[in-house]
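Comments concern the structure below.
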Amino acid sequence: MTESTEPPAKSAGERYRVQSLGRALDLMELIAARGKDGARLTDLARALDMSKAAVYALLQTLLTRGFLSDMGEGASRRYRLGLSLARLGDMAVANIGLADVAMPELRRLTADLGMTSRLAIFEDDCAVVVGRVDAPGTIRFEAALGRRELPHCSAVGKAMLSAMPREEAQRILERGPLPQRTSRTITAVPRLMQELAMSIERGFAVDDEEDNDGVACIGSCVFDRDGGVAGAISVTGLKPRDWGIRLPDLGARVRHSARSVSRQLGFSGS
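Here you go:
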């Protein structure tokens, strides 16, 4: 039996690759890595193992379209990223919907923790549920899409309030209403402000049977690219006996998911 000398078949992705475009993208990645000081033609040609003439042609094309800018002249001329990339970045972020980004994280949370996960936004002084993944089993928590929740007794509400300027959060709470939903509901504004301060410190908010007896929730804020409140995600379940022991780990997991969604929305903060 003789071995075939035929080259392996190319995948569809390989067949339709445009080599020159790939090289242009590699070139931009190299320039990006050089930062604000930029890169010289000679260095770029050496790094890409291409002739200076070929690299120069790519550079001039990208310059013309605003994807690169240059500074200096002759051998000292350097290239760096152009503002057209910023414009495209803005458009890319604007086209990313909060729910599109958050829903995969909600599914992961529910699969990992076995709890119902939710996504909410802040509207008219209320937390409004806009996404939900139910936990397995027969228990279903009241979390219909579009449901409006008062922020003083919900984890998503407190998470979003904690991320707002302190004065704004206090005005919202003072406008109320702040009904006593359970014996554990916090209704005094000064005490609620202390609760928000704790939420800021640990990175997540807690509803400890404050909206429904026997039910506990953990929520963390999602930020947009400008650092504003985009929404919040949470997990909900029957309060376990070892709630105090589990809370730090559960909170860290929710906080991590919220930060992941925030980064995908363009947020670069901590």
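Each residue of the sequence shown is one higher than the last, beginning at 905 in the working numbering.
In this text, a Cβ means the ideal position worked out from N, Cα and C, and glycines have one as well.
Assigned exposure category for residue i - 16 Cβ within 10 Å defines buried
i: Leu948; result: buried
i: Glu1113; result: buried
i: Lys956; result: exposed
i: Pro1055; result: buried
i: Thr965; result: exposed
i: Met975; result: exposed
i: Ser1166; result: buried
i: Arg1079; result: exposed
i: Ser924; result: exposed
i: Ala937; result: exposed
i: Arg1070; result: exposed
Beta-carbon proximity check, residue i vs residue j, cutoff 7 Å
i: Met967; j: Leu931; result: The sequence shown places Leu at residue 967, not Met. Going by C-beta atoms, Leu967 is not nearer than 7 Å to Leu931.
i: Phe1026; j: Val1133; result: yes
i: Thr1091; j: Gln1084; result: yes
i: Ala928; j: Ile935; result: no
i: Ala1039; j: Met1007; result: no
i: Gly1173; j: Gly1118; result: no
i: Ala1003; j: Ala1063; result: no
Same chain only: Cβ atoms within 6 Å of residue i, ignoring 5 sequence neighbours per side
i: Arg880; result: One cannot answer for residue 880 here, as it falls past the ends of the chain, which runs 905 to 1174.
i: Leu1065; result: Pro1055, Ala1073, Leu1100
i: Ser1058; result: Ala1031, Asp1111, Asp1115
i: Cys1121; result: Ala1059, Asp1111, Ser1138, Thr1140
i: Asp1128; result: Ala1134, Leu1169
i: Arg1052; result: Cys1030, Val1032
i: Ile1076; result: Asp1029
i: Leu1096; result: His1056, Leu1077, Ile1090
i: Phe1108; result: Ile1122, Ser1124, Gly1155, Val1158, Arg1159
i: Ala1067; result: Cys1125, Val1133
The ligand ADP heavy atom lying under 6 Å from the CB of residue i
i: Ala928; result: As for the ligand ADP, it is missing from this structure, which has no ligand bound.
Chain-order list of residues whose beta-carbon lies under 8 Å from that of residue i (same chain, five-residue window excluded)
i: Arg988; result: Residue identity check: residue 988 is Ser in the sequence provided, not Arg. Within the same chain, Ser988 has close Cβ partners Arg969, Gly970, Phe971.
i: Ser973; result: Leu967, Tyr983, Arg984, Leu985, Gly986, Leu987
i: Gly1093; result: Before going further, note that residue 1093 is Val rather than Gly in the sequence given. Within the same chain, Val1093 has close Cβ partners Gln1074, Leu1077, Glu1078, Leu1082.
i: Val959; result: Leu931, Leu945, Leu948, Ala949, Leu952
Beta-carbon proximity list for residue i, same chain, < 7 Å, skipping 5 on both sides
i: Val1005; result: Val1165, Gln1168, Leu1169
i: Phe1171; result: Phe1127, Asp1128, Arg1129, Gly1131
Quiz item: Should the region 1004-1014 be called in touch with the region 1161-1172, which here means at least 3 C-beta pairs below 8 Å?
Solution: yes
### Query
With contact counted as at least three CB pairs below 8 Å, one residue from each stretch, are the region 1142-1158 and the region 1095-1103 in contact?
no
_Runs of beta strand (DSSP E) lying entirely within the region 1081-1154, each at least 3 residues, in chain order_ = 1109-1112, 1119-1127, 1133-1142
Hey, which unbroken runs of the alpha helix (DSSP H) at 4 residues or more fall wholly within the region 976-1035? Uninterrupted alpha helix (DSSP H) stretches at least 4 residues long and entirely within the region 976-1035 occur at 987-998, 1002-1017, given in chain order.
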